[in-house]
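These protein sequence lines map, in sequence, to chains R and Y.
To convert a position in the first sequence, counted from 1, into the numbering used here, add 217.
To convert a position in the second sequence, counted from 1, into the numbering used here, add 272.
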Amino acid sequence: MARIDIRDVTKFYGKTQVVHGVDFTINDGEFVVILGPSGCGKSTLLRMIAGLEEISGGTIAIAGDVVNDREPRERGCAMVFQNYALYPHMSVAENIAYGLKVAGVPKAERLVRVQAVAKTVGLDEFLERKPGQLSGGQRQRVAMARAMIKEPKVFLFDEPLSNLDAKLRVQMRIEIRKLHQRLKATSVFVTHDQVEAMTLADRLVVMNKGVIEQIGAPKDVYDRPASVFVAAFIGAPGLNLLPATISSDGHSLALADGQLLGIETARYPALKPGPVTLGLRAEALNIRPDRQAARQGSLKAVFDFAEELGVGQHIHADIAGSPVVIHVDGRHPYSSGDRLSIGVSPRDLQLFDSMTGLRIAEVDAPVPSMTHEHLFALDALA
Amino acid sequence: MTGKRVTFSNTWLAGLLIAPQLILVFTFFYWPAGEALYWSFTLEPPFGGENQWVGWQNFKTVFEDPLYWNSVRISVIFALCSTALAMGIALILATFVDRQLPGYQAYRFMYFWPYAVAAPAVGLAFRFIFAPDAGFVSALNQWYPGIWNPARDGVDAVILITLANAWSMVAYNFIFFLAGLQSIPRSLTEAAAMDGSGVLRRMADIQFPLLAPTFFFLVVINLTDSFVNSFGIVDITTAGGPARATDLMVYKIYSDGFKGKDYSLAAAQSLVLMLLVVSLTFIQFRFVERRVHYT
């Protein structure tokens, strides 16, 4: 069992810095997902933990030992690679057992352990085959088995599911989660797929351009993205972002076309008048019935098109010149150009500094539960 | 091949385009080979006139000659040793360059130069370097007089031509080994490193097995080359001596044919050598290419 301490780690390739002082701790037995777009430094960070990439600055400690100058084999990590990296000239059994063979485990014991591990990943019938004769999903399992057999302190996953088709990906995701529940080994999983990240992670680390944007439980990151970048990256669809301006009295904000929305000023102690970015979750928006459409305070939108999801629809519309996605449960018979009235609770408004992109801190405590009446009263204020 | 093929509908133009190559191959390979075949079954009268058909007589003479078998023995030793040496050194160099040790860009560039040096030039260089009285190796003779003298000691002479031949083949092997090593995905060696395998163990378990196709290809190319292309080195350094110690098959053909003026015997010998090379090539295409292949 092992905790990983990453202290102010940097990485340079020549003069190009790809990781800028990353600092966080992965607790013993925790499943941490590092999420970010390609080129954000997440794989480099993982490879530095593994020992495949030199650490330019800072320290990485596994189970309390600083491992900067340790060979990969001295770190007690096992890794699952994106392209599986199976040894093509070895059978499945030899692939899985290779780590044990190198460690000098006797052949008889190797056989028993290979059998056991192969059974858990459902490979026992394929042990004699060469990797070239396996399907993508089977190869993935071999890679998993190879990592599992050494019972490592730490599991590292480098986008292991991105070469699989959608159905298999969901299946393997579930299996990895189950595996972690059983083995309870510290795991670091790198991906650019936010659904994968949300479903697997105990804790999520969102990276962008070599910097950590946010660390937190998936739900917290989803509910309270720390920056515009995280907001747009997390969730399918990402947070709707609209430019807005806070009025001089701080009680309302105006969208680009002048529409006004009331805000609970008390929630945002740091809020100053001026430009902000308004964030709205697709699920937090609802299309109001026609009779309320005319009422003051609702957001006016123009229907563009609807995406069918099966469980509901994503309504794509335009609010004050910005494209917005609204999640609805049923089906709506709108056609392109229809005018909609969109309702939103003041508690669902998320505000970001329009310059830095950072979230404007809010205090949650004294917010009374609100009904629609309150809501409209607030609207009337604005 | 099941894919679409680009075909020439204009056969006349196609014929014209391949004609230069065909003429070259015919003039310098098929025609002389045909002549050799004819000569090897006939006897040319020493004072001119019609060739006389003698059937297998020339081959019988060749195979009954102990000097020929001496030549075969030396050729095989020479080919095996220089192949082993050239490939061994090339593999070590390629591994260093592949691991990107300091200065590898310069090595990668320079290692190919020896291949561009013509065999007689290589022979001349080695003759000077390994001259027992004045070369770099003369230091050996200072330390133990007479230990190195390729002009008198047959073993020394074989070592000399083996070194020279190996040196000129290292570059070629190096390029192939390096290409082979670099085509192995990095993630494989990384996976092996994660599996606890050190540098040497990774080479033995992962890289060298995956180099097997390159390896077998080079074995055949090196052996063939040692049998066929060693004339220049032998002629300049030892001229077959001392006492036929370096009388390789290809050199014996030359000396029997052009010094001894026995074209028929030389033709028979070159036919034997050609069959040897053809069978090596056959092995290459038939067995090696098919069996040593990973997907």
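Where a beta carbon is used, it is the ideal one built from N, C-alpha and C, also for glycine.
Just so it is clear, the structure is predicted and the values come from calculations on it, not from any experiment.
Continuous beta strand (DSSP E) stretch holding residue i: start and end
{"i": "residue 494 of chain R", "result": "491-497"}
{"i": "residue 397 of chain R", "result": "Segment 383-400 is the alpha helix (DSSP H) holding residue 397 of chain R; no beta strand (DSSP E) there."}
{"i": "residue 540 of chain R", "result": "539-545"}
{"i": "residue 425 of chain R", "result": "420-425"}
{"i": "residue 648 of chain Y", "result": "Chain Y is shown from 273 up to 567; residue 648 of chain Y falls before or after that span and cannot be answered."}
{"i": "residue 558 of chain R", "result": "556-561"}
{"i": "residue 296 of chain R", "result": "294-297"}
{"i": "residue 553 of chain Y", "result": "Taken as a continuous stretch (DSSP letters only), residue 553 of chain Y belongs to no beta strand (DSSP E), being part of the alpha helix (DSSP H) at 535-555."}
Extent of the continuous alpha helix (DSSP H) to which residue i belongs
{"i": "residue 330 of chain Y", "result": "329-336"}
{"i": "residue 416 of chain R", "result": "411-417"}
{"i": "residue 460 of chain R", "result": "Looking at the DSSP string, residue 460 of chain R is not in any alpha helix (DSSP H); the run it does join, the beta strand (DSSP E), is 457-463."}
{"i": "residue 456 of chain Y", "result": "Segment: none, residue 456 of chain Y is in no alpha helix (DSSP H) and carries neither H nor E."}
{"i": "residue 340 of chain R", "result": "No alpha helix (DSSP H) holds residue 340 of chain R; DSSP gives it neither H nor E."}
{"i": "residue 378 of chain Y", "result": "376-382"}
{"i": "residue 521 of chain Y", "result": "521-526"}
{"i": "residue 471 of chain Y", "result": "471-474"}
{"i": "residue 308 of chain R", "result": "No alpha helix (DSSP H) contains residue 308 of chain R, which DSSP labels as neither H nor E."}
{"i": "residue 399 of chain Y", "result": "391-401"}
{"i": "residue 260 of chain R", "result": "259-267"}
Where residue i meets chain R, residues with beta-carbon distance less than 9 Å
{"i": "residue 473 of chain Y", "result": "319"}
{"i": "residue 457 of chain Y", "result": "300 and 302"}
Rounded separation between residue i and residue j - CA only
{"i": "residue 511 of chain R", "j": "residue 517 of chain R", "result": "Any reading at residue 511 of chain R must be qualified, since the residue scores a pLDDT of 47, below 50, and its modelled position is unreliable; the value itself is stated next. In a straight line, the C-alpha of residue 511 of chain R is about 9 Å away from that of residue 517 of chain R."}
{"i": "residue 466 of chain Y", "j": "residue 474 of chain Y", "result": "11 Å"}
{"i": "residue 280 of chain R", "j": "residue 221 of chain R", "result": "6 Å"}
{"i": "residue 426 of chain Y", "j": "residue 543 of chain Y", "result": "27 Å"}
{"i": "residue 556 of chain Y", "j": "residue 344 of chain Y", "result": "21 Å"}
{"i": "residue 549 of chain Y", "j": "residue 361 of chain Y", "result": "24 Å"}
{"i": "residue 359 of chain R", "j": "residue 520 of chain R", "result": "49 Å"}
{"i": "residue 383 of chain R", "j": "residue 354 of chain R", "result": "11 Å"}
{"i": "residue 350 of chain Y", "j": "residue 413 of chain Y", "result": "24 Å"}
{"i": "residue 404 of chain Y", "j": "residue 514 of chain Y", "result": "14 Å"}
{"i": "residue 302 of chain Y", "j": "residue 346 of chain Y", "result": "28 Å"}
{"i": "residue 574 of chain R", "j": "residue 491 of chain R", "result": "14 Å"}
{"i": "residue 498 of chain Y", "j": "residue 329 of chain R", "result": "50 Å"}
{"i": "residue 437 of chain R", "j": "residue 568 of chain R", "result": "16 Å"}
{"i": "residue 402 of chain Y", "j": "residue 445 of chain Y", "result": "24 Å"}
{"i": "residue 469 of chain Y", "j": "residue 421 of chain R", "result": "32 Å"}
{"i": "residue 458 of chain Y", "j": "residue 306 of chain R", "result": "15 Å"}
{"i": "residue 467 of chain R", "j": "residue 566 of chain R", "result": "14 Å"}
{"i": "residue 477 of chain R", "j": "residue 470 of chain R", "result": "6 Å"}
{"i": "residue 326 of chain Y", "j": "residue 338 of chain Y", "result": "21 Å"}
Same chain, Cβ closer than 7 Å to residue i, neighbours up to 5 away in sequence not counted
{"i": "residue 398 of chain Y", "result": "432, 435, 436 and 509"}
{"i": "residue 418 of chain R", "result": "248, 249, 250 and 435"}
{"i": "residue 506 of chain Y", "result": "433, 512, 518, 520 and 523"}
{"i": "residue 229 of chain R", "result": "273"}
{"i": "residue 244 of chain R", "result": "220"}
Amino acids of chain Y, ordered along the chain, whose beta-carbon sits closer than 7 Å to that of residue i
{"i": "residue 304 of chain R", "result": "460 and 478"}
{"i": "residue 316 of chain R", "result": "467 and 468"}
{"i": "residue 295 of chain R", "result": "466"}
{"i": "residue 289 of chain R", "result": "465 and 466"}
Nonlocal neighbours in the same chain, by C-beta distance under 6 Å from residue i, ignoring five residues either side
{"i": "residue 233 of chain R", "result": "none"}
{"i": "residue 241 of chain R", "result": "223 and 432"}
{"i": "residue 427 of chain R", "result": "235, 236, 237 and 258"}
{"i": "residue 331 of chain R", "result": "310, 313 and 314"}
{"i": "residue 485 of chain R", "result": "577 and 579"}
Chain-ordered neighbours of residue i on chain R, where CB pairs are closer than 7 Å
{"i": "residue 481 of chain Y", "result": "306"}
{"i": "residue 386 of chain Y", "result": "Those do not exist, as residue 386 of chain Y stays about 32 Å from chain R at its closest Cβ, beyond 7 Å."}
CB contact check: residue i to chain A, cutoff 8 Å
{"i": "residue 298 of chain R", "result": "In the displayed structure, chain A is absent; the protein chains listed are R and Y."}
Close-in-space but distant-in-sequence residues of the same chain around residue i (CB under 8 Å, 5 per side omitted)
{"i": "residue 367 of chain R", "result": "295, 316, 317 and 320"}
{"i": "residue 246 of chain R", "result": "218, 401, 402 and 403"}
8 Å Cβ cut-off: residues of chain Y touching residue i
{"i": "residue 269 of chain R", "result": "462, 465 and 466"}
Quiz item: Counting pairs of Cβ atoms below 8 Å between the region 276-286 of chain R and the region 438-455 of chain R, do you hit three or more?
Solution: Touching, no, given that fewer than three Cβ pairs across the two stretches are closer than 8 Å.
Practice problem: Mind the definition here: the region 536-552 of chain R touches the region 491-502 of chain R only if three or more C-beta pairs lie below 8 Å; say whether that holds. | Solution: Under the Cβ criterion (8 Å, minimum of three pairs), the region 536-552 of chain R counts as touching the region 491-502 of chain R.
Practice problem: Indicate whether the contact test is met: 3 or more Cβ pairs, each with one atom in the region 395-409 of chain R and one in the region 360-375 of chain R, closer than 8 Å. | Solution: Short answer: they touch.
Quiz item: Given 8 Å as the limit, is there contact between the region 533-543 of chain Y and the region 308-321 of chain Y, that is, 3 or more CB pairs closer than that?
Solution: Taking a contact to require three or more Cβ pairs closer than 8 Å, the region 533-543 of chain Y and the region 308-321 of chain Y qualify as touching.
Practice problem: Count the CB pairs spanning the region 319-326 of chain Y and the region 493-508 of chain Y that are closer than 8 Å, and state whether there are at least three. | Solution: The region 319-326 of chain Y, when compared against the region 493-508 of chain Y, does not touch it at the 8 Å Cβ threshold.
Practice problem: Could you tell me whether the region 327-343 of chain R touches the region 258-275 of chain R, where touching means 3 or more Cβ pairs closer than 8 Å? | Solution: Because the criterion of three Cβ pairs below 8 Å is not met, the region 327-343 of chain R and the region 258-275 of chain R do not touch.
Practice problem: Take every Cβ of the region 442-452 of chain Y, pair it with every Cβ of the region 484-496 of chain Y, and state whether three or more of those distances are shorter than 8 Å. | Solution: The region 442-452 of chain Y is in contact with the region 484-496 of chain Y.
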